[in-house]
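If you count by this note's numbering, then the sequence shown holds residues 271 to 385, one letter each, in order.
Virtual Cβ for every residue (Gly too), placed ideally from N, Cα, C.
Below is one structure, written out as structure tokens; the observations come after it.
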Amino acid sequence: VQLQASGGGLVQPGGSLRLSCAASGSVGSIDGMAWYRQVPGKQRDLVASITSDDMPTYAVSVKGRFTISRDNAKNAVYLQMNNLKPEDTAVFYCFAVDWRRTFYWGQGTQVTVSS
């Protein structure tokens, strides 16, 4: 499974961005998908995840502002981010796990929230 993330960029506080992640390869084996983020010098943290039957979970810090969704027909997962805050600045990574519990990571996409 290969994951290709896109959609990062620079946005002002209070603005919105939508991240996309397209999966290719053995997509039929994908179970859960998620978005993580990481700032320099800190661990990579889970932002949101979604199961194969579209059940989402969110980190407390983003609940009510971020929405994760997936389109199985397009083998894609999305992260709609609203009311962005400077503390959301990070590199965001797409993640997938297959039925054998093998993990896959996409390349990071930078999100910068600044005025």
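So, is residue 305 buried or exposed, given that buried needs 16 or more other C-beta atoms within 10 angstroms?
buried
If we call anything under 8 Å between Cβ atoms a contact, is residue 290 one with residue 277?
yes
Rounded separation between residue 316 and residue 329 - CA only:
7 Å
Evaluate residue 372 with the Cβ neighbour count: other Cβ atoms within 10 Å of its Cβ, from every protein chain shown; 16 or more gives buried, anything less gives exposed.
exposed
Endpoints, the beta strand (DSSP E) within which residue 301 is located:
300–308
Would you report the Cα separation of residue 331 and residue 384, rounded to the nearest angstrom?
18 Å
Could you compute how far the alpha carbon of residue 342 sits from the alpha carbon of residue 311?
34 Å
For residue 287, count neighbouring C-beta atoms within 10 Å of its own C-beta (all shown protein chains included) and say buried if the count is 16 or more, exposed if not.
buried
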